[in-house]
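One structure is given below, encoded as structure tokens.
In this note's numbering, the protein residues as written are 22 to 198.
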């Protein structure tokens, strides 16, 4: 089974963190949209996060999700929602395992988010394209590499591709643009 995760187009956030905030996407880069569309399998089931930015991206790609899952939403950043990246606390000194467990006030940790995303991914029974978030892609990667998934860049409109044979997952591509 092939799993392709498309990160949504750039969110219109003015450089502010938007985990659970429902913001629009900038889908104006028609060349990039066309390149992504050309790489997607047309016979796969289409699933999306219900976030506006994901649904807009799916529509721009010519995809009609047959399902949306609220558990595919991005990580809940709690008190950090709406902050600029420069205003976030510096967590760079934390070991990866501690960073994965770190929970902003009123939010959830990466491990919390992965625990709600991974059962959806593990329950897939056929080739699938999921239009979702960077956190969703990292949660998928964590099924293979553990908390080191936090070290991967996941650009807007990039593809992360995993393959499952039986219960074993492997990574075919990350941050493919």
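Backbone N, C-alpha and C define an ideal beta-carbon position, used for all residues, glycine too.
Are residue i and residue j close, meaning C-beta to C-beta below 8 Å?
{"i": "residue 103", "j": "residue 37", "result": "yes"}
{"i": "residue 184", "j": "residue 193", "result": "yes"}
{"i": "residue 180", "j": "residue 58", "result": "no"}
{"i": "residue 161", "j": "residue 24", "result": "yes"}
{"i": "residue 93", "j": "residue 27", "result": "no"}
{"i": "residue 31", "j": "residue 177", "result": "yes"}
Once the 5 residues before and after residue i are set aside, which same chain residues still bring their CB inside 6 Å of it?
{"i": "residue 29", "result": "46, 74, 75 and 78"}
{"i": "residue 127", "result": "99 and 100"}
{"i": "residue 33", "result": "44, 45 and 47"}
{"i": "residue 95", "result": "40, 154 and 156"}
{"i": "residue 195", "result": "173 and 181"}
Which partner residues of residue i appear in the DSSP bridge assignment?
{"i": "residue 67", "result": "150"}
{"i": "residue 32", "result": "46"}
{"i": "residue 184", "result": "23 and 191"}
{"i": "residue 105", "result": "37"}
{"i": "residue 88", "result": "68"}
{"i": "residue 171", "result": "According to DSSP, which records beta bridges pairwise, residue 171 is partnered with nothing at all."}
{"i": "residue 197", "result": "180"}
Using the C-alpha atoms, what's the distance from residue j back to residue i?
{"i": "residue 142", "j": "residue 151", "result": "9 Å"}
{"i": "residue 167", "j": "residue 54", "result": "30 Å"}
{"i": "residue 87", "j": "residue 149", "result": "11 Å"}
{"i": "residue 98", "j": "residue 198", "result": "26 Å"}
{"i": "residue 132", "j": "residue 81", "result": "31 Å"}
Report the option in the options whose CA atom is closest to the CA atom of residue i.
{"i": "residue 146", "options": "182, 188, 123 and 137", "result": "188"}
{"i": "residue 144", "options": "164, 98 and 128", "result": "164"}
{"i": "residue 190", "options": "197, 182 and 196", "result": "182"}
{"i": "residue 63", "options": "85, 70 and 51", "result": "85"}
{"i": "residue 125", "options": "136, 110 and 135", "result": "110"}
{"i": "residue 118", "options": "171, 129 and 72", "result": "171"}
{"i": "residue 135", "options": "107, 169 and 105", "result": "169"}
{"i": "residue 90", "options": "107, 108, 70 and 106", "result": "70"}
{"i": "residue 35", "options": "107, 56 and 67", "result": "107"}
Take residue i and list the residues in its own chain whose beta-carbon comes closer than 8 Å to its own, dropping the five residues that flank it on each side.
{"i": "residue 65", "result": "23, 25, 147, 148, 149 and 150"}
{"i": "residue 159", "result": "131, 135, 170, 171, 173 and 175"}
Say whether chain C places a C-beta atom closer than 8 Å to the C-beta of residue i.
{"i": "residue 96", "result": "Protein chains in the displayed structure number just one, and chain C is not present."}
I'd like the list of long-range same chain contacts for residue i, defined as Cβ closer than 7 Å, with 5 residues on each side in sequence excluded.
{"i": "residue 123", "result": "112, 115 and 130"}
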